[in-house]
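Undergrad: My questions all concern the structure below.
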Amino acid sequence: MFNVIFKEFDAIHREYAHSYSNYDKGKFDLAYFYNERANISILAGAIWRQSEYKALVLEEYSTDKEKQTDDNKDINARGYRGRRDLWFCLNEQQFRCEAKQLWWSLESLNEHDFSSAIKLADREANKIERQYIDGDNFALGIVFITLKIRRTNLGKGSSCLTELDRLIARYQQDDLITHKLVLDEVLRSGGESTTLYPGVLVLIKSRTKAIHNEPISSNELVGEY
1 MFNVIFKEFD AIHREYAHSY SNYDKGKFDL AYFYNERANI SILAGAIWRQ
51 SEYKALVLEE YSTDKEKQTD DNKDINARGY RGRRDLWFCL NEQQFRCEAK
101 QLWWSLESLN EHDFSSAIKL ADREANKIER QYIDGDNFAL GIVFITLKIR
151 RTNLGKGSSC LTELDRLIAR YQQDDLITHK LVLDEVLRSG GESTTLYPGV
201 LVLIKSRTKA IHNEPISSNE LVGEY
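Counting in the UniProt record's numbering, the sequence shown runs from 1 upward without gaps.
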């Protein structure tokens, strides 16, 4: 299910980049460069484009949040009014999401940062109110990671991306979805900019249940293994 969403996610990012960038001159306008709100908007657009499912989306919606304690167990404490980053529905299943944005240099990828990013996604998922989590309702923590590389290190670009793929494989787990978008046009671009931003890595962590990253029937979108 998520792979078809990410197909549109990539398409929208490419459409935006191709519309507002001049690769030969090294002039870029890349939506994933900005912040989590920009990436959430692209993700929301990708969900709206899903014709296979009945898709509904809300961004920055109001909700009653739970009061959190250090051990995250104060479920009955009086909460407060706040906002969540994203809610979407695919057929009968609902997903509530909190998101964060990080920036990584491809030249300095390491296991500590990758593990920390997964933990950040997990913390974001754990912010979702527990009364909304059941068989057809999911809490997702999303981390968008903008990838950057210095132009002087472009010769190492292929090995850097290979290392990123290794880390993705190393940390794959049932309740984690990873997705990588890299624009080759940025890596091959001209111009004199010292730093290039060739893509974005997305980590999605489910709070309590395994999630699928392959196409499945519309009446079995997501479920426990």
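Ideal Cβ positions, reconstructed from N, Cα and C, are used throughout, including at glycine.
Just the C-alpha distance for V200 and A17, rounded to the nearest angstrom, thanks.
TA: The sequence position of residue 200 within the sequence shown is 200, counting from 1. The sequence position of residue 17 within the sequence shown is 17, counting from 1. Approximately 13 angstroms between the Cα atoms of the pair.
Undergrad: Distance check for S158 and Y132, CA to CA, integer angstroms please.
TA: On the sequence shown, position 132 is the one that residue 132 refers to. On the sequence shown, position 158 is the one that residue 158 refers to. Roughly 43 angstroms between the two C-alpha positions.
Undergrad: Go ahead and pull the three-state DSSP assignment for Y23.
TA: Looking up residue 23 in the sequence shown gives position 23. Coil.
Undergrad: Taking only beta-carbon positions, decide if L181 is within less than 7 angstroms of chain B.
TA: Note that chain B does not occur in the displayed structure, where there is just one protein chain.
Undergrad: Can you tell me whether Y53 is helix, strand or coil according to DSSP?
TA: The residue labelled residue 53 in the question sits at position 53 within the sequence shown. Note: Y53 maps to coil in three-state DSSP.
Undergrad: Pull up the distance between the alpha-carbon of D74 and that of I128, whole angstroms please.
TA: In the sequence shown, the residue the question calls residue 74 occupies position 74. In the sequence shown, the residue the question calls residue 128 occupies position 128. Confidence in D74 is poor, its pLDDT being 48 and thus under 50, which makes the residue's placement unreliable; the coordinate value appears in the next sentence. So the two alpha carbons sit approximately 13 angstroms from each other.
Undergrad: Below 8 angstroms on the Cβ atoms is my guess for V57 versus I42; work out the distance and round it to an integer in Å.
TA: The sequence position of residue 57 within the sequence shown is 57, counting from 1. The sequence position of residue 42 within the sequence shown is 42, counting from 1. Not a contact, Cβ separation roughly 12 angstroms.
Undergrad: Once the 5 residues before and after L181 are set aside, which same chain residues still bring their CB inside 7 angstroms of it?
TA: Taking the first residue of the sequence shown as position 1, residue 181 is located at position 181. For L181, where only same-chain residues beyond five positions count, the Cβ hits under 7 angstroms are D10, H13, G199, V200.
Undergrad: According to DSSP, is T162 part of a helix, a strand, or is it coil?
TA: Taking the first residue of the sequence shown as 1, we reach residue 162 at position 162. Reduced to three states, the DSSP call for T162 is helix.
Undergrad: Is it the case that the region 84-91 contacts the region 110-120, given that we only count it when at least three CB pairs across the two stretches are under 8 angstroms?
TA: The region 110-120 is not in contact with the region 84-91.
Undergrad: What are the start and end residues of the alpha helix (DSSP H) that includes E36?
TA: Position 36 of the sequence shown, counting from 1, holds the residue named residue 36. From DSSP, the alpha helix (DSSP H) with E36 extends over 36-48.
Undergrad: First and last residue of the beta strand (DSSP E) that includes I142?
TA: If you number the sequence shown from 1, residue 142 lands on position 142. Counting along the chain, the beta strand (DSSP E) containing I142 begins and ends at 137-150.
Undergrad: Using the Cα positions of A44 and A31, report the straight-line distance between them to the nearest angstrom.
TA: Residue 44 sits at position 44 when you count from the first residue of the sequence shown. Residue 31 sits at position 31 when you count from the first residue of the sequence shown. Taking the straight line from one Cα to the other gives about 13 angstroms.
Undergrad: Between which residues of its own chain and K54 is the CB-CB distance below 8 angstroms, once the five residues before and five after are set aside?
TA: Reading the sequence shown from its first residue, position 54 is the one you call residue 54. So the list reads C89, L90, N91, once near-sequence residues are dropped.
Undergrad: D29: buried (16+ other C-beta within 10 angstroms of its C-beta) or exposed?
TA: Start at 1 with the first residue of the sequence shown, and residue 29 comes out as number 29. Classification for D29: exposed.
Undergrad: Enumerate in chain order the residues of its own chain whose CB-to-CB distance from N72 is below 8 angstroms, with the five nearest sequence positions on each side excluded.
TA: Along the sequence shown, one-based indexing puts residue 72 at 72. Model confidence at N72 stands at a pLDDT of 49, short of 50, so the residue's coordinates are unreliable; what they give is reported in the following sentence. Excluding positions up to five away in sequence, the list reads N126.
Undergrad: Using DSSP's beta-bridge definition, name the partner residues of T195.
TA: On the sequence shown, position 195 is the one that residue 195 refers to. The partner list for T195 (beta bridge, DSSP) reads R150.
Undergrad: Contact defined as beta carbons within less than 8 angstroms: I believe L176 pairs with I149. What is the distance between those atoms, to the nearest angstrom?
TA: If you number the sequence shown from 1, residue 176 lands on position 176. If you number the sequence shown from 1, residue 149 lands on position 149. Wrong, their Cβ atoms sit about 25 angstroms apart, outside the cutoff.
Undergrad: Let's see if you can read the secondary structure: which residues bound the alpha helix (DSSP H) around F114?
TA: Translated into positions along the sequence shown, residue 114 becomes position 114. Taken as a continuous stretch (DSSP letters only), the alpha helix (DSSP H) holding F114 covers 111-125.
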